[in-house]
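**Student:** Under my numbering, the first residue of the sequence shown is numbered 12, with each subsequent residue one higher. Structure below; questions to follow.
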Amino acid sequence: MNKITAEEYKQVEDGNRKGLHGIDGDDSSCIDIVGVLNLYGELGVEARESLAHIKHKPVELRRNQKVFSLCEGRADIFVVKEGWLSLSHATSTRGQDICNVFMPGDIIGMRESFFESHDIVIVSLTHCKLEKVSVDDLHDLFKHHEEIRNAITSYVMVNDNITIERLRSCTHHRSEERVAHFLLEVYARFDFKGLLTSNVFSFPVTQDVVGELLGMTSVHVSRCMTALEQKKLIRKTRNSVKLLKPEEMVRNTGFDRDFIYGHLCLG
Numbered sequence: 012m013n014k015i016t017a018e019e020y021k022q023v024e025d026g027n028r029k030g031l032h033g034i035d036g037d038d039s040s041c042i043d044i045v046g047v048l049n050l051y052g053e054l055g056v057e058a059r060e061s062l063a064h065i066k067h068k069p070v071e072l073r074r075n076q077k078v079f080s081l082c083e084g085r086a087d088i089f090v091v092k093e094g095w096l097s098l099s100h101a102t103s104t105r106g107q108d109i110c111n112v113f114m115p116g117d118i119i120g121m122r123e124s125f126f127e128s129h130d131i132v133i134v135s136l137t138h139c140k141l142e143k144v145s146v147d148d149l150h151d152l153f154k155h156h157e158e159i160r161n162a163i164t165s166y167v168m169v170n171d172n173i174t175i176e177r178l179r180s181c182t183h184h185r186s187e188e189r190v191a192h193f194l195l196e197v198y199a200r201f202d203f204k205g206l207l208t209s210n211v212f213s214f215p216v217t218q219d220v221v222g223e224l225l226g227m228t229s230v231h232v233s234r235c236m237t238a239l240e241q242k243k244l245i246r247k248t249r250n251s252v253k254l255l256k257p258e259e260m261v262r263n264t265g266f267d268r269d270f271i272y273g274h275l276c277l278g
């Protein structure tokens with residue numbers, strides 16, 4: 012069946028309330044800095060306990076709320092527990108350009124926190140629940156704990172791979188293939204975290220945001236989405252997408268999941 016059924020939509024909503032790798036929880040409390048970093052490097056008991064004790068506090072954002080993130084010359088670090096956000100690098104000459112989007116199970120500001128005066132602008136695309144993590148505490152663990160250092164390095168490098176793969180698509184493919192490639196990227200990111208139970212995933216991102224990420228107008232994004240639906244490759248609702256023929260989309264776009272999540276050698 013090509014339609015997104017009521018049961019599939021419910022699974023998407025339930026999936027957003029699960030922890031990483033599908034661990035049930037009463038809410039998003041199962042997503043934290045320990046669980047996220049453990050996906051990128053196996054953490055022992057000591058590393059987990061050390062991460063669990065760093066200072067953190069909950070942050071809740073309304074839809075379209077803007078946060079200017081700069082912590083004593085370094086960007087703040089947030090774990091996304093619920094919702095979607097965009098990130099821009101603000102400069103005096105260029106203004107604000109969206110360079111990435113984040114979803115549950117992502118960490119915002121990790122890479123930027125290692126640069127001085129590397130301020131970022133975060134905009135909540137939906138209602139969001141975040142966990143603000145102490146930059147000083149996390150950087151101290153980075154310096155003195157090899158497992159944590161490897162996991163943080165792996166997280167940064169994997170997310171750089173996502174950006175590289177997206178850039179490759181934008182410079183080598185037609186618009187329709189760019190949009191299909193981005194949908195495969197989002198699916199892969201959810202799947203890696205174990206937050207999927209089917210080919211349906213949450214996608215409350217506006218065409219304006221997708222267009223800015225992919226170098227297209229929002230009108231062009233809309234036409235591409237319609238074309239993908241007409242070709243029976245996807246089915247889209249206001250807040251979700253169903254991949255009907257993901258293998259064919261991979262062949263058409265050259266999406267390379269192995270490049271993004273391939274084994275990282277840090278030894």
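Each residue gets a CB set at the ideal place from its N, CA and C atoms; glycine is no exception.
Straight-line CA distance for S97 to H156?
**Tutor:** One C-alpha to the other measures close to 31 Å.
**Student:** Assuming the contact rule is C-beta atoms closer than 8 Å, I109 and E176 should be a hit. Round their C-beta distance to whole Å, please.
**Tutor:** Contact doesn't hold; Cβ gap of about 17 Å is too wide.
**Student:** Going by beta-carbon coordinates alone, are P69 and T137 separated by less than 7 Å?
**Tutor:** Against a cut-off of 7 Å, the Cβ pair of T137 and P69 comes out as no contact.
**Student:** Taking only runs that begin and end inside the segment 245-270, name each unbroken beta strand (DSSP E) of 3 or more residues, in chain order.
**Tutor:** Correct list: 245-247 and 251-254.
**Student:** Could you pull out every residue in the same chain whose Cβ sits closer than 6 Å to the Cβ of G226, ignoring the five residues on either side in sequence?
**Tutor:** Counting only Cβ-Cβ distances below 6 Å, and skipping sequence neighbours, we find C181.
**Student:** Could you say if the segment 112-126 and the segment 196-205 meet the contact criterion of at least three C-beta pairs nearer than 8 Å?
**Tutor:** Judged by Cβ distances under 8 Å, the segment 112-126 makes contact with the segment 196-205, as three or more pairs qualify.
**Student:** I'd like to know whether the C-beta atoms of L255 and L239 end up nearer to each other than 7 Å.
**Tutor:** The answer is no: Cβ separation not under 7 Å.
**Student:** How is the beta strand (DSSP E) around C110 delimited, first residue to last?
**Tutor:** C110 -> beta strand (DSSP E) spans I109 to F113.
**Student:** Who are the near neighbours of K92 in its chain, counting only those whose CB is closer than 7 Å to its CB and skipping five residues on each side?
**Tutor:** Cβ within range, chain order: S39, I42, P115, K140, L141 and E142.
**Student:** Within this structure, are the beta carbons of S145 and K66 separated by less than 7 Å?
**Tutor:** Closer than 7 Å, so yes.
**Student:** Within the segment 44-87, note down every full alpha helix (DSSP H) run reaching 4 residues or more, in order along the chain.
**Tutor:** Taking only runs of at least 4 residues, the alpha helix (DSSP H) segments lying wholly in the segment 44-87 are 44-51 and 56-63.
**Student:** Candidates Q241, V190 and V211: which alpha carbon is nearest D219's?
**Tutor:** Nearest of Q241, V190 and V211 to D219, Cα basis: V190.
**Student:** Leaving out five residues on either side along the sequence, give the residues of the same chain with a beta carbon under 7 Å from the beta carbon of E158.
**Tutor:** Answer for E158: G52, L54, G55 and A58, listed in chain order.
**Student:** Classify L206 as helix, strand or coil using the three-state DSSP reduction.
**Tutor:** Residue state, collapsed to three classes: coil.
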